[in-house]
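As structure tokens, the structure follows; a few thoughts come after it.
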Amino acid sequence: MATKTEALIDEQAWQAIGLTLQLASLTTVLLLLLATPLAWWLAHTRSRLRAPVSALVTLPLVLPPSVLGFYLLVALGPEGPLGRFTQAMGWGVMSFTFSGLLLGSVVFSLPFAVQPIQNAFEALGRRPLEVAATLRASPLDAFFSVALPQARTGLFTAAVLSFAHTVGEFGVVLMIGGNIPGQTRVVSTQIYGHVEAMEYAQAHALAAGMLLFSFVVLLALMAVQRPRRGEAA
């Protein structure tokens with residue numbers, strides 16, 4: 359059985375799995391750092407910028423991956439604004455690199471991180487923060503001691519969805535990262551390569567793993583959300 363598994367999941371497949379986990383982990387960490395203050399602002403601001411910013415955050419949900427990937431590729435390319443900036447800084451061109459893939463992953467998974475955290479902050483309301491203020495807690499103290507602990511379910515949901523979405527993304531990854539072994543080839547593009555080569559057994563082994571992973575993610579989210587529904591009842 360072990361020999362058969364090794365034949366189906368070769369060295370390149372394991373390399374793609376490792377790169378996928380690395381990409382998803384880094385993307386999730388960056389998204390939590392970026393999405394938390396952004397979600398807080400969206401949940402509490404009355405600025406006229408709220409609607410356009412919210413629309414920009416949500417845009418990756420409705421844009422075809424090929425469109426989003428194309429414009430990211432143009433932006434990261436040698437003649438694009440980000441490409442020119444990275445070259446001026448001595449970082450080189452980021453298209454078809456792991457760094458470019460990481461940046462693209464943050465962009466296309468952003469709504470999956472922002473929306474659950476924003477919903478958690480909105481559900482919290484202002485009352486707990488007002489109570490903290492009467493106890494002479496600074497806004498920063500109230501945020502870290504009251505808001506964040508109360509929003510832990512939203513944070514967990516955001517982390518799980520961001521990780522899972524990054525693991526499963528294909529179109530944007532292929533557009534801005536290509537399919538370079540050891541650099542940008544992740545599980546989704548590895549499956550695509552196996553299908554192109556008519557290596558269906560190898561593709562099935564990886565696809566079945568992705569299917570199982572997605573099922574476990576859904577079970578985890580349902581387990582986290584069940585207590586909240588019970589409290590609401």
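Numbering (the working numbering), first residue to last: 359 to 591.
C-beta atoms are modelled at their ideal positions from N, C-alpha and C, and glycine is treated no differently.
Since the model is a prediction, treat every value here as computed from it, not as a measurement.
Among the options, the one whose alpha carbon lies nearest that of residue i
| i | options | result |
| --- | --- | --- |
| ASN537 | LEU498, LEU400, PHE456 | PHE456 |
| VAL615 | GLU554, ALA565, TRP399, GLY427 | With the chain covering 359 to 591 only, the question about residue 615 has no answer from this structure. |
| LEU400 | SER467, SER463, GLU480 | GLU480 |
| PRO474 | LEU461, TRP449, THR416 | THR416 |
| VAL531 | ILE367, LEU381, GLU369 | LEU381 |
| GLY427 | LEU576, VAL464, SER383 | VAL464 |
| GLY458 | ALA397, ALA409, GLY435 | GLY435 |
| ALA413 | GLU369, VAL472, PRO395, TYR429 | VAL472 |
| PRO507 | LEU482, ARG494, ALA495 | LEU482 |
| THR386 | PRO486, ALA374, ILE549, PHE514 | PHE514 |
| VAL489 | ALA478, LEU384, SER503 | SER503 |
| TRP372 | GLY540, ALA578, LEU577, HIS402 | GLY540 |
DSSP state of residue i mapped onto helix, strand, coil
| i | result |
| --- | --- |
| THR524 | helix |
| PHE454 | coil |
| SER405 | coil |
| ALA563 | helix |
| MET556 | coil |
| PRO539 | coil |
| THR361 | At THR361, the pLDDT of 49 sits below 50, so the modelled position is not reliable; the number obtained from the coordinates is stated separately. Helix at THR361. |
| VAL464 | helix |
Where the alpha helix (DSSP H) through residue i begins and ends
| i | result |
| --- | --- |
| ILE375 | 369 to 402 |
| ARG442 | 439 to 446 |
| VAL544 | From DSSP, VAL544 is part of no alpha helix (DSSP H); its letter is neither H nor E. |
| ILE534 | 529 to 535 |
| ALA433 | 423 to 434 |
Residue i Cβ short of 6 Å to the ligand ADP heavy atom set
| i | result |
| --- | --- |
| LEU564 | By its list of ligands, the structure shown contains no ligand whatsoever, and the ligand ADP lies outside what it can speak to. |
Could I get the ranges of all uninterrupted alpha helix (DSSP H) runs contained in the stretch 467 to 516, with 4 residues as the minimum, in chain order?
The stretch 467 to 516 contains these whole alpha helix (DSSP H) runs: 485 to 492, 497 to 500.
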